[in-house]
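Residue numbers for the sequence shown follow this note's numbering, beginning at 1225 and rising by one.
The structure appears right after this line, and notes come after that.
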Amino acid sequence: MRGKDKSTAGILGILLGGLGIHHFYLGSSTSGIIEIVLSVVTCGVGGILGIIEGVMLLVMDQNEFDARYNQRAPEPMEFVFMKPKSMSPPPPPAPPYQG
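Right, here's the structure in full:
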């Protein structure tokens, strides 16, 4: 486990998304640099993308977040809205207790 927190990543995305801070936190440094450049070149579009990704992180299922960011290291250029190539499907839910 890498120990990344979903709430921290989401809040960083919403507040500092234009600087790509949530990508640096999650380990996708190239994506963070792309968001910085996008924010500078387009006068803030990267910030809008960061807010969208921050909200996506906050509403993402905890199991999916763990599979994407805690059980594996993300690729350098991996955005939140992209399906990772190297991610295995999340484990099936536990069967209900039949007591």
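Idealized CB from N, CA, C, for every residue including glycine.
### Query
Residues in its own chain within less than 7 angstroms of Gly1251 by CB, not counting five upstream and five downstream?
Contacts found: Ala1297 and Pro1298.
### Query
Which residues mark the beginning and the end of the alpha helix (DSSP H) in which Gly1234 is found?
Lys1230 to Leu1240
### Query
Measuring CB to CB, does Ser1255 end up less than 7 angstroms from Met1301?
yes
### Task
Take the Cβ of Lys1307 as the centre, count every other Cβ of all protein chains shown within 10 Å, and call the residue buried at 16 or more, exposed below.
exposed
### Query
Would DSSP call Val1304 helix, strand or coil?
coil
### Query
Start and end of the alpha helix (DSSP H) containing Met1259?
The amino acid at residue 1259 is misidentified as Met; the sequence shows Glu. Its alpha helix (DSSP H) spans residues Ser1253 to Val1265.
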